[in-house]
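Note that the protein sequences, when read in sequence, are chains E and G. Reminder that position 192 of the first sequence reads as 192 in UniProt numbering, one-by-one numbering, no gaps. Reminder that position 10 of the second sequence reads as 10 in UniProt numbering, one-by-one numbering, no gaps. To keep things clear, I will list the structure first and then write my remarks on it.
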Amino acid sequence: MSESLRAQTGPYFGEFGGRFVPESLIAALDELEATYKAAKSDPAFRAELAELHKNYTGRPSIITEAKRFAEHAGGARILLKREDLNHTGSHKINNVLGQALLAKRMGKKRIIAETGAGQHGVASATAAALFGLECVVYMGQVDTERQALNVARMKLLGAEVVPVTTGSKTLKDAINEALRDWVTNVDTTHYLLGTVAGPHPFPEMVRDFHSVIGNEAREQMLRDFGGLPTAVAACVGGGSNAIGIFHAFLDDENVRLFGFEAAGDGMDTDRHAATLNYGKPGVLHGARSYLLQDEDGQTVESHSISAGLDYPGVGPEHSWLKDLGRAEYFGISDAEAMDALRLMSRTEGIIPAIETAHALAGALKLGPQLGEGSSILINLSGRGDKDMETAAKYFGLLDAK
Amino acid sequence: MSRTANALATPGAKLIGYFPAGYPTLDASVEAAVAMCESGIDVLEFGVPYSDPVMDGLVIQHATEEALRNGFKLKNLFDAVREITSRVQTPVLVMTYWNPVLQFGVAEFARELAASGAAGMITPDLIPDEAAEWLRISDELGLDRVFLSTPTSSDQRAATTTNLSRGFVYAVSTMGITGAREDLDKLARGVVAKIRNADPEQKVAVGIGISTNEQVKEVNEYADGAIVGSVFVTSYQEGGIEALKSKVRELVAGLN
Ligand SMILES: Cc1ncc(COP(=O)(O)O)c(C=O)c1O
């Protein structure tokens, strides 16, 4: 690996990426790409985004060392990059503010978004309120039920939430519905895609907006924690929080990168969302990438207790990193994630999102392998308030309603 | 020369009709397709059911979901096409999202298509920029390939699409997905004009939102054909094959 992996841009990451979308969207994607390119090198845009990070989101996010949790991780140091402390409670706001500024630049008054866990929907509704934009959020009906708190938040923020009842009624179908809306209203509407999937320029652009996570963390590690970590870990749904923290470390050959996918009922069952482990390359939602599909190329439904990881696709840059062997991807079952969620809550007083808990469970397995003296930097991508109903049911904390 | 283009080049207004393969069953879809051809459509657009059809409205989504639930498999597609082309002369274009073709293998899919007697393929989520393998194999096998051009396509993209399409160019009438619309956009005339401008010899048909005899007539004043889909599925749902036939006859009435 002599070439810089960090320098890689779209439309292709190796054989992955591209633009497999209806012609109707090409003009909008071209406009977005041009607007983003211009903004990226415009000091005024960068200053505006930096100001929002600092005085709205509350960046830089801190790193917390989790010493009591680490006692269960085989002696590895555990360091948490606290994206849960961002305004709205997850990493999603980093990308949303960037894209909302671009929507303004393009003169688009309406934004649409898909959401699984509801965190991207809440962040989008928040930015729409802040910038005075109309906001429609598509959300699978299954997810509106298991993330009801976030539906209420979006509505309070003034967004319209449209429950999607087609297909598996989860994130995949919410993206389909958002794409249909965009094809129809592309003149007035920006599709504020919430992860590093989709057609070019989304995977590159969303990654860039989240790369602030790793850039900060790398500096914080060097400055405050005695050097680069042995490993960096994150959960992987579409892959935005993972690429956000990985990116700064891509060229640090000695830092291992681990992504944890949802294994649902378990890696030995067919009810999972372990796209990079069990998928095959194919085209979904505008990009070529690993994909859970049958022999006819029909998308196979994914399964996970976590709405944000319950997706049969993954961003193309992760597929590339997997094939290169630069990042490694493993599955974490519902049960392992929920145990880690409870352990983090009880050892550190931090209740993570169920998505995030997959990365925590991964670190518990990784620690003993990396051994004494190693350190694992984990993207604590979101907080768990939204998941209290699921967790209460899971742990039997509430009486049956 | 392209069989589809030939069919569109004969005198008179033209109707291109869509029906989903495997809906509600494979055999029933063959009967429906044959009935449409016998009732007067000029080109058949035979749709491949797909799990994530982002260009389709609810009518077609529900129909293709049902086809998948009823066990539609890609390998059956070619048998169905073979059966249709053995019974009618109408050119058959397979309309499919790209991932099923990719998984089957682009070249293999194309060879099966050719062997089954299909004229070619319409690809709603494949732009020419990503189509290198399909361009090559369709040239080799002489298959028609229909790309889409839309109101937002630049002149340059419209020209590329026009030059790389064979059979006809699918002019998207309005911004949106399939489903009946009351008013046909004047945007359609603009799309057709760009295509004519790029190549006056290329055939162009207008689709998305067309559902009435008047619309079919109006479109044929400036294009080489009108493409109709959702309303045929709806007719079939309401009254089976007889309703489907009379809908085709209604739409072609007075066309020539
Ligand atoms: C807190 C949190 N982490 C992770 C994810 C997964 O998305 P991604 O893989 O794009 O980071 C979500 C998605 O909803 C989320 O809310």
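Idealized CB from N, CA, C, for every residue including glycine.
Closer than 7 angstroms to chain G by CB, residue i
{"i": "E/P368", "result": "no"}
{"i": "E/M1", "result": "At E/M1 the pLDDT is 45, less than 50, meaning the model places this residue with poor confidence; the figure from the coordinates comes in the next sentence. Output row for E/M1: interface = no."}
{"i": "E/E71", "result": "no"}
{"i": "E/F13", "result": "no"}
{"i": "E/D296", "result": "yes"}
{"i": "E/V283", "result": "yes"}
{"i": "E/L179", "result": "yes"}
{"i": "E/G18", "result": "yes"}
{"i": "E/S24", "result": "yes"}
{"i": "E/T184", "result": "yes"}
{"i": "E/D387", "result": "no"}
{"i": "E/V21", "result": "yes"}
{"i": "E/N241", "result": "no"}
{"i": "E/A66", "result": "no"}
{"i": "E/K401", "result": "Low per-residue confidence applies at E/K401: pLDDT is 46, beneath 50, and the placement is therefore not dependable enough to give any value."}
{"i": "E/A27", "result": "yes"}
{"i": "E/N176", "result": "yes"}
Beta-carbon proximity of residue i to residue j, cut-off 7 angstroms
{"i": "E/T35", "j": "E/I93", "result": "no"}
{"i": "E/G286", "j": "E/V21", "result": "yes"}
{"i": "E/A66", "j": "E/L80", "result": "yes"}
{"i": "G/V30", "j": "G/E83", "result": "yes"}
{"i": "E/L257", "j": "E/V236", "result": "no"}
{"i": "G/I210", "j": "G/A226", "result": "yes"}
{"i": "G/L244", "j": "G/A5", "result": "no"}
{"i": "E/T195", "j": "E/S240", "result": "yes"}
{"i": "E/G289", "j": "E/V314", "result": "Looking at the sequence itself, residue 289 of chain E is Ser, so the reference to Gly does not match. Closer than 7 angstroms, so yes."}
{"i": "E/H272", "j": "E/G264", "result": "yes"}
{"i": "E/L5", "j": "E/D252", "result": "no"}
{"i": "E/H91", "j": "E/S381", "result": "yes"}
{"i": "E/T184", "j": "E/P163", "result": "no"}
{"i": "E/G18", "j": "G/E238", "result": "no"}
{"i": "G/Y170", "j": "G/D125", "result": "no"}
{"i": "G/I177", "j": "G/M36", "result": "no"}
{"i": "E/T64", "j": "E/R77", "result": "no"}
{"i": "G/G117", "j": "G/V146", "result": "no"}
{"i": "E/A242", "j": "E/A234", "result": "yes"}
{"i": "G/L74", "j": "G/P100", "result": "yes"}
Beta carbon proximity, residue i to chain E, threshold 7 angstroms
{"i": "G/E38", "result": "no"}
{"i": "G/D144", "result": "no"}
{"i": "G/W98", "result": "yes"}
{"i": "G/E108", "result": "no"}
{"i": "G/E130", "result": "yes"}
{"i": "G/Q202", "result": "no"}
{"i": "G/L148", "result": "yes"}
{"i": "G/L135", "result": "no"}
{"i": "G/L8", "result": "no"}
{"i": "G/Q103", "result": "yes"}
Residues bridged to residue i (per DSSP)
{"i": "E/R77", "result": "E/S375"}
{"i": "E/R299", "result": "Rather than Arg, the amino acid found at residue 299 of chain E in this sequence is Thr. DSSP output for E/T299 lists E/Q293 as bridge partner(s)."}
{"i": "G/D144", "result": "G/G120"}
{"i": "E/K280", "result": "E/L291"}
{"i": "E/F258", "result": "E/A233, E/E328"}
{"i": "G/R166", "result": "G/R145"}
{"i": "E/C135", "result": "E/I111"}
- Pocket of ligand 1 (residues with CB nearer than 7 angstroms to any heavy atom), chain order: Having a Cβ closer than 7 angstroms to some heavy atom of ligand 1 are E/S90, E/H91, E/K92, E/T115, E/G116, E/A117, E/Q119, E/H120, E/G194, E/T195, E/V196, E/C235, E/V236, E/G237, E/G238, E/G239, E/S240, E/N241, E/A242, E/A307, E/G308, E/L309, E/A353, E/E355, E/T356, E/S381, E/G382.
- Below 7 angstroms between beta carbons is the criterion; list the residues of the segment 346-376 of chain E that meet it against any residue of chain G, in chain order. Taking 7 angstroms as the Cβ-Cβ cut-off, the segment 346-376 of chain E has no residue approaching chain G.
- Message: Counting only Cβ-Cβ distances shorter than 9 angstroms, please list the residues of the segment 51-65 of chain G near chain E, keeping chain order.
- Response: Correct list: S51, D52, P53, V54, M55, D56, G57, L58, Q61, H62, E65.
- Message: Counting only Cβ-Cβ distances shorter than 9 angstroms, please list the residues of the segment 151-169 of chain G near chain E, keeping chain order.
- Response: Hits within the stretch, in order: P151, T152, S153, S154, R157, T161.
- Near-chain E residues of the segment 64-93 of chain G (beta-carbon distance less than 9 angstroms), N- to C-terminal order: Listed in chain order, the positions of the segment 64-93 of chain G with a beta carbon within less than 9 angstroms of a beta carbon of chain E are E65, L68, F72, K73, L74, K75.
- Task: Could you run through the segment 77-108 of chain E and flag, in chain order, every residue whose CB is less than 8 angstroms away from some CB of chain G?
- Result: Listed by position, the residues of the segment 77-108 of chain E near chain G (Cβ gap below 8 angstroms) amount to none.
- Between the segment 111-126 of chain G and chain E, which residues of the former have a C-beta closer than 8 angstroms to a C-beta of the latter? So the list reads P124, D125, L126, given in the order they occur along the chain.
- Positions along the segment 170-181 of chain G whose CB lies within less than 8 angstroms of some CB in chain E: From the segment 170-181 of chain G, only V172, M175, G176, I177 have a Cβ closer than 8 angstroms to chain E.
- Got a sec: which bits of the segment 289-323 of chain E sit with their beta carbon under 8 angstroms from any beta carbon on chain G, in order along the chain? From the segment 289-323 of chain E, only L291, Q293, E295, D296, G297, Q298, T299 have a Cβ closer than 8 angstroms to chain G.
- Task: Return the residues of the segment 156-172 of chain E that lie within a Cβ-Cβ distance of less than 8 angstroms from chain G, sorted by chain order.
- Result: Cβ contacts with chain G: T166, G167, K172.
- Item | Within 7 angstroms of chain G by C-beta, residues of the segment 208-235 of chain E in sequence order | Taking a C-beta cut-off of 7 angstroms against chain G, none of the residues of the segment 208-235 of chain E qualify.
- Contact list for the segment 123-151 of chain E against chain G, Cβ threshold 7 angstroms: Correct list: empty, as no residue qualifies.
- Given a limit of 7 angstroms on CB to CB distance, which residues of the segment 258-270 of chain E reach chain G? Cβ proximity to chain G below 7 angstroms picks out nothing from the segment 258-270 of chain E.
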